[in-house]
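Chemist:
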């Protein structure tokens, strides 16, 4: 199998797992959202530590401890991913899967917005059009919900901010997840200990199957991230961008078709505007990528011709 096809396979499996993640979270009831989040953090540390130990890749920790700015960045990334995970778990457990799917639909637009506001990037006119359509979609959905779709916005901004922090850190997927989870592990363990002490914890109290499902939260978190890293290393950015919509499409399907959440006409119109913004955004990205490659190829050819003279 070629690296390109392997990259698409890794990416497809990763987004497929993320797309059906609401079904897994529903199986964790009657555990509460914060308890699930704490187990997800703790078992992620355990799973990735075992993986790194098997690969004998623990030397990166010593080098990382000598980089205080990197440690501060990891703290920011850890806080953002904790907010993202916690909000997502709460959304699924409060029967708002459709709204969580909206968050990941608008995430690419928020990434562009952060590029303007944080990195001072200049947008192309078509990107401004996509952002404008996305803003109109949020306004329509606000009217439909009778409030801002705050779960979707928190998910979109926290994940976009996490991606920005990860980009600046430049850590590999497994190592980054381990350190981020380790930063959060102590408060997570403290919370689980408190739940057990007051008799409100569900770990080991519901059934063997439920306990095993909580333990598997580490693998359920790490495996899609590792597959995504494998895809990102093999695919062009446009290819990765095209398949990223698979997860929210599946999440939306779970919310409407499996959990029977309502989708009134006004909400459907808001989602349609989001999809229109994403089409504009994606078409622009593909065209820009093709123009960039063509310009680079022309430059190389010009250099080759100049070298032969």
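Residue numbers (our numbering): 707 to 1015. Note that the Cβ used here is the ideal one computed from N, Cα and C, for glycine as well.
Is the beta carbon of residue 885 closer than 9 Å to that of residue 975?
Modeler: On the chain shown, position 269 is the one that residue 975 refers to. On the chain shown, position 179 is the one that residue 885 refers to. Result no, Cβ atoms of residue 975 and residue 885 do not sit closer than 9 Å.
Chemist: Comparing C-alpha positions only, which one of 791, 888, 801 and 864 sits nearest to residue 820?
Modeler: In the chain shown, the residue the question calls residue 820 occupies position 114. Residue 864 holds the alpha-carbon nearest to the alpha-carbon of residue 820 among 791, 888, 801 and 864.
Chemist: Assuming residue 998 and residue 737 form a contact by the criterion Cβ under 8 Å, report the distance between their Cβ atoms to the nearest whole angstrom.
Modeler: As a working mapping, residue 998 is identified with position 292 in the chain shown. As a working mapping, residue 737 is identified with position 31 in the chain shown. Actually they are not in contact, since the Cβ atoms of residue 998 and residue 737 sit about 47 Å apart, beyond 8 Å.
Chemist: With DSSP run on the structure shown, which of helix, strand or coil describes residue 939?
Modeler: As a working mapping, residue 939 is identified with position 233 in the chain shown. Reduced to three states, the DSSP call for residue 939 is coil.
Chemist: Below 8 Å on the Cβ atoms is my contact criterion, and I expect residue 784 with residue 890 to pass it. Report the Cβ-Cβ distance as a whole number of Å.
Modeler: To locate residue 784, count along the chain shown from 1; it is residue 78. To locate residue 890, count along the chain shown from 1; it is residue 184. Contact holds; Cβ gap of about 5 Å.
Chemist: Inspect the beta-carbon positions of residue 842 and residue 818 and report whether they are closer than 9 Å.
Modeler: The residue labelled residue 842 in the question sits at position 136 within the chain shown. The residue labelled residue 818 in the question sits at position 112 within the chain shown. In this structure, residue 818 does not lie closer than 9 Å to residue 842 by Cβ.
Chemist: Restricting to runs no shorter than 4 residues, where is the alpha helix (DSSP H) found entirely within the stretch 829-917?
Modeler: 831-851, 856-875 and 879-904
Chemist: Please state the DSSP three-state secondary structure of residue 734.
Modeler: Here the question's residue 734 lines up with position 28 in the chain shown. Coil at residue 734, not helix or strand.
Chemist: Should residue 928 go down as buried or exposed, given a rule of 16 or more other Cβ atoms within 10 Å for buried?
Modeler: In the chain shown, residue 928 corresponds to position 222, counting from 1. Under this definition residue 928 is a buried residue.
Chemist: Hey, quick one: how far does the alpha helix (DSSP H) through residue 773 stretch, first residue to last?
Modeler: To locate residue 773, count along the chain shown from 1; it is residue 67. Where residue 773 is concerned, there is no enclosing alpha helix (DSSP H), given that its DSSP letter is neither H nor E.
Chemist: Using DSSP with H/G/I as helix, E/B as strand and the rest coil, what is residue 707?
Modeler: If you number the chain shown from 1, residue 707 lands on position 1. Coil, per DSSP.
Chemist: CA-CA distance, residue 777 and residue 1009?
Modeler: Walking along the chain shown from the start, residue 777 turns up at place 71. Walking along the chain shown from the start, residue 1009 turns up at place 303. C-alpha separation (whole angstroms): 43 Å.
Chemist: Should the stretch 714-726 be called in touch with the stretch 949-956, which here means at least 3 C-beta pairs below 8 Å?
Modeler: yes
Chemist: Contact check, residue 808 vs residue 855 under 8 Å by CB: the rounded distance?
Modeler: Within the chain shown, numbered from 1, the residue matching residue 808 stands at position 102. Within the chain shown, numbered from 1, the residue matching residue 855 stands at position 149. At roughly 6 Å, the Cβ-Cβ gap stays under 8 Å, so residue 808 and residue 855 are in contact.
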